[in-house]
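The opening position of the sequence shown corresponds to residue 285 in the working numbering, with each subsequent residue numbered one higher. For each residue, glycine too, the CB sits at the ideal point set by N, CA and C. Here's the structure we're looking at; comments come further down.
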Amino acid sequence: MEGHYSKCFLRSILAGICISVGGCVYIGCEVKWVGAILFAVGLYTILTYKMDLYTGKVGYALENSPSYVLDLVVIILGNFVGTLAVGLMLPLQGAEAIAANKLAGFEVLPVLFRGVMCGMLMFIAADTFKNGKGPLATFICVPVFILAGFEHSIADMFYFCSAGEFSLDSLAFVLVVILGNAVGGLLIPIGKRYMYEDPKTEGSSRRL
């Protein structure tokens, strides 16, 4: 475990920077759907270079020991440092508009649910790539969650940091989305334990 958390923290910072790059290009694109597709370059880079992004890692919590929770905390902190660094260097007017819009309509349950939906899509993208099926899901799932208005906790960190929105409301918003992303990221892993027929049982049923 020597150096594990320091390396995890570094990978997490870089992942936060990559998501921030995606946020920058999304804000800079006049055509919304083009920006949504280009945003995916952030996740694609993260998956290719095996960086640590909270929304790509939380879905594997059940496969790991309880100490994995500490990994997730380190990852969230590293992701925040990455988004903070880029956000402070690049204060964007577009980010101000996005941040203001999010906080203006902040209701816990709708934000939580939008986080759940994003978390599920992020798990699909990450797990598909992890299983060697290529990056196609990355460039489908990312635009889908953006265009659908779902909430990605790390992207939200960047928007708030770039907007200079450091308030209790923005903190509460991000924490709700973090929880929602966790629930969404775990939906499929939990479902996989119960939604498939036992091969032996299924074979017996066919013989009958």
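Kindly indicate which residue of the options has the alpha-carbon position closest to the one of residue i.
i	options	result
Asn348	Cys302, Glu481 and Leu470	Leu470
Met373	Tyr480, Tyr478, Tyr443 and Leu452	Tyr443
Val309	Gly300, Ile321 and Ala299	Ile321
Thr367	Val358, Ala439 and Glu449	Ala439
Gly362	Thr339, Gly300, Arg477 and Ser451	Gly300
Tyr338	Glu391, Gly475, Gly389 and Met441	Met441
Phe293	Val318, Phe364, Glu314 and Lys316	Phe364
Looking at residue i: is its Cβ nearer than 7 Å to the Cβ of residue j?
i	j	result
Leu396	Gly464	yes
Gly343	Val400	no
Ile462	Ser437	yes
Val458	Phe323	no
Glu449	Ala383	yes
Asp453	Leu387	yes
Whose C-beta lies closer than 6 Å to the C-beta of residue i among residues of the same chain, with five residues either side of it excluded?
i	result
Tyr328	Pro419 and Thr422
Cys302	Gly326, Thr329 and Ile330
Tyr333	none
Arg295	Met335 and Asp336
Leu431	Ala320
Ignore the nearest five residues each way along the sequence and tell me which others in residue i's own chain have a CB closer than 7 Å to its CB.
i	result
Leu298	Met335 and Gly366
Lys341	Leu356 and Ile359
Glu495	Here the chain covers residues 285 to 492 and nothing more, so residue 495 does not appear.
Ala379	Ile311, Tyr443, Ser446 and Ala447
Ser351	none
Lys476	none
Ala409	Leu327, Ala421, Thr422, Cys425 and Val426
Thr412	Ala421
If you drop the 5 nearest sequence neighbours on each side, which residues of the same chain put their C-beta closer than 8 Å to that of residue i?
i	result
Phe429	Met401, Cys402, Leu405, Met406 and His436
4-residue-minimum alpha helix (DSSP H) runs that sit fully inside the segment 406-465, ordered along the chain = 422-431 and 437-447
Length at least 4, wholly inside the segment 346-373: the alpha helix (DSSP H) runs in chain order | 352-373
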